[in-house]
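Numbered by this note's numbering, the letters in the sequence shown go through residues 429 to 733 in order.
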Amino acid sequence: MTGFRLAAILLGATGLSAVVAAGAVPAPAPSIPTLYERLGGVYGIAPLVDNLVDRLLVNETLNANPRFVEFRQQVQKAGLKFIFTASVCHAAGGPEPNLDDILIAARDRVRFTDDEWQAMSTDLEATLDKFSVAADTRQSVRDAVARLRLPAESGSRAIATGHRRGPVLVGDDSADGIEYQPTLYGNLGGWEAIAGIVDVLVERLLVDRTVMTNPAIAAVTTRVPKPGLKYQLTALLCQATGGPEQYIRHPVLAPHARVHVSEAEWDAMLADLRSALAQRRVGQAEQDGLRALVAKVKGEIVTGR
Ligand code: HEM
């Protein structure tokens, strides 16, 4: 629970007017860190999920299930990591959106057996070991993942939002009876396709000689985990293209102020973006749409040297 939520509950319980009338100023309530905070927020959780998903996709027990193999072949790994990261962040008490409905759709499609759930737990423990997650935090992480085993709540949020979400996990949108407005998000292929583009883009950027010779960028990228950066950029582009996912953090472009991006670095990034869009076989109109969105923020990112 955040300090703010705890404080709100405490004020509600005692009554704000009673506190004022007594002239007492309550001491700030001790804030109990949420699981989200204990794990280091989205930048701590995204690497955990990244590692776990990599393990699950090559897990022998899971791959003995033909429904899992079919699922693995159809869904983009980057998209799966994006959704799973949002789901764990949300369950851990973070501000990321609840996208469980998508994972639950996948679960219902694959229909894991008890042995397969057990195999996933074994992979989860290996991931928790790798990241040296403290013993008292582990059970909470297990609970956050295990709740995906529970029956789905009725009334899927994904469908209620009326957005195309990506073809593979949600299925045929035309069957849900909702009239969809075309958006760049939908035309691109939803979160799954956007996560795939971001995946290629970030991989390219991080080895781009022009970009990485900027010492401030090189220094920041040793601190900022690649999976976290991918998650945040995917969330931002989903939101900016008209999708229901939300980018939730400080003002979007604020972190760039300290890295002083130059014109040459911006152009190098645009070339990387062009290659990423080509590699992901994005249609010309959607490429133009995405590039136009990116161009709009240039003035805020290129502060030059
Ligand atoms: C040459 C161009 C760019 C460079 C060199 C660059 C570099 C970086 C760096 C170093 C960070 C980590 C900052 C930190 O946490 O301290 C970052 C974060 C981020 N960048 Fe960029 N960036 C560029 C362009 C863009 C563009 C065009 C967008 C969006 C359209 C974008 C979106 C983001 C987002 C969403 C984050 C994550 C911020 C967060 O933690 O929430 N960047 N970028």
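For each residue, glycine too, the CB sits at the ideal point set by N, CA and C.
Check, Outcome
"Can you tell me which of the three DSSP states V477 falls into?", "helix"
"Does the distance between the C-beta of E631 and the nearest non-hydrogen atom of the ligand HEM fall short of 7 Å?", "no"
"Is the separation between the beta-carbon of L485 and that of K505 shorter than 8 Å?", "yes"
"I'd like to know whether the C-beta atoms of N487 and D551 end up nearer to each other than 8 Å.", "yes"
"By the DSSP assignment, the alpha helix (DSSP H) with E498 in it spans what residues?", "P494 to Q502"
"So the alpha helix (DSSP H) G614 belongs to, where does it begin and stop?", "L612 to L616"
"So L576 and I532 are supposed to be a Cβ contact under 8 Å. How far apart are they, rounded?", "7 Å"
"Helix, strand or coil for M697? Go by DSSP, reduced to three states.", "helix"
"Relative to the ligand HEM, is the shortest distance from any of its heavy atoms to the C-beta of H688 smaller than 7 Å?", "no"
"With DSSP as the reference, label V652 as helix, strand or coil.", "coil"
"Return helix, strand or coil for A516, following the three-state DSSP convention.", "The question names Ala, yet the displayed sequence has Val at residue 516. If DSSP states are grouped into helix, strand and coil, V516 belongs with the helices."
"Using the C-alpha atoms, what's the distance from F540 back to A692?", "50 Å"
"Please list the segments of the alpha helix (DSSP H) lying wholly inside the stretch 658–725, counting only runs of 4 or more residues, in order along the chain.", "691–707 and 712–724"
"So, under 8 Å CB-CB, V710 and L661 are touching, yes? Tell me the CB distance rounded to an integer number of Å.", "With a Cβ gap of about 16 Å, V710 and L661 do not count as contacting."
"Could you give the first and the last residue of the continuous alpha helix (DSSP H) run that contains E553?", "D542 to K558"
"Alpha carbon to alpha carbon, how far is V722 from D695?", "12 Å"
"My guess is that N493 and E544 are in contact by the Cβ rule of under 8 Å, so how many angstroms apart are they, rounded?", "6 Å"
"State the beta-bridge partners of V730 as determined by DSSP.", "V689"
"For A563 and R466, I'd like the C-alpha separation in whole angstroms.", "12 Å"
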